[in-house]
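Here the structure is laid out as structure tokens; the discussion comes afterwards.
Numbering (our numbering), first residue to last: 81 to 172.
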């Protein structure tokens, strides 16, 4: 799962989609460009609880966070509690 909906996240999704190791990509919320190669989820990047729930339901193995606000809000700390791997800095 890639969190965010801007050009940065579009580039991450585009590159991840090129990997033979990646089976499926979800983006929250994504954009028109990400929709071409991934599944957009109608979840705000700042709705950390909904993101965690969706990641668990979809059995996501890795989350990459693009925007700074969810990082500052503690998304990495929350996802570490779920056991899902996440790429980003902790709030602390």
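Ideal Cβ positions, reconstructed from N, Cα and C, are used throughout, including at glycine.
Check	Outcome
For residue 107, name the three-state secondary structure that DSSP assigns.	strand
Return the first residue and the last residue of the alpha helix (DSSP H) that residue 165 is part of.	Per DSSP, residue 165 belongs to no alpha helix (DSSP H); it is in the beta strand (DSSP E), 165-167.
Between residue 106 and the rest of its own chain, which residues show a CB-CB distance below 7 Å, the 5 nearest in sequence each way excluded?	81, 118, 119, 121, 138, 140
Check for me: the beta strand (DSSP E) holding residue 117 runs from which residue to which?	Element bounds for residue 117: n/a, residue is neither H nor E.
What does DSSP give as the partner residue(s) for residue 145 in the beta ladder?	83
Would you mind sorting residue 170 into buried or exposed? The rule is 16 or more other CB atoms within 10 Å of its CB.	exposed
Which first and last residues belong to the alpha helix (DSSP H) in which residue 158 is found?	155-162
Can you look up residue 98 in the DSSP assignment and give me helix, strand or coil?	coil
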